[in-house]
Each structure stands twice: as structure tokens, then as C-alpha cells.
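Trainee:
In my numbering, the protein residues as written are 4 to 92.
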């Protein structure tokens with residue numbers, strides 16, 4: 004649901020505060036914008052992990068399928084060679 008929501012964080016240690024400022028500056032962003040982007044990325048990370056896991060499973064299944072097809076092609080080649088010999092072709 005679109006809207007303007009706020010989160011306020013208090014009692015951050017000096018190192019963390021300064022490091023976040025430094026990271027935001029390196030990214031060419033305001034601290035608030037940088038933190039907003041970090042929070043959005045963190046919120047999406049679980050969904051991204053789920054999609055990556057799904058993709059990994061898909062690739063694994065495709066590799067197994069391709070290997071199986073290769074074995075079938077090899078078997079067919081052997082049968083065709085035997086048939087050629089039987090027919091003297």
C-alpha cells in the first residue's frame with residue numbers, strides 16, 4: 004500500500020553513525036536516502052533468496068535432463084551402427 008511511512012532509530016553508536024555517513028557519501032546519497040535503499044534491499048532479500056533457490060533447482064534439473072538426453076542419443080547411435088552393420092550399409 005503506497006504511503007509515507009517513517010522509522011526512527013535512536014541510540015546508534017558513534018562508529019556506526021559515522022560509517023553510515025561515509026558509506027552514503029561514497030554512494031553520492033544522503034544518509035536518509037542511503038538507509039532507505041539499504042532497508043528496501045534488506046526487505047527484498049528473502050524474496051531474492053527464494054527466487055535464486057528456485058533458479059538453482061531449475062538449472063540443476065535442466066542439466067540432469069540434458070545429460071539424460073545425451074545418454075539416449077549415445078544409445079540410439081549404437082543401435083543405428085548395429086543396424087547399419089546388419090544391413091551392410
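Even glycine gets a Cβ: it sits at the ideal position worked out from N, Cα and C.
Just how far apart, CA to CA, sit residue 30 and residue 7?
Mentor: Cα-Cα distance, rounded: 23 Å.
Trainee: Could you work out which residue in 16, 42, 84 is closest to residue 9 when comparing CA atoms only?
Mentor: With distances taken between Cα atoms, residue 9 lies closest to 42.
Trainee: Report all residues from its chain with a CB closer than 8 Å to the CB of residue 37; omit the five preceding and five following residues, and keep chain order.
Mentor: Result list for residue 37: 23, 26, 27, 30, in chain order.
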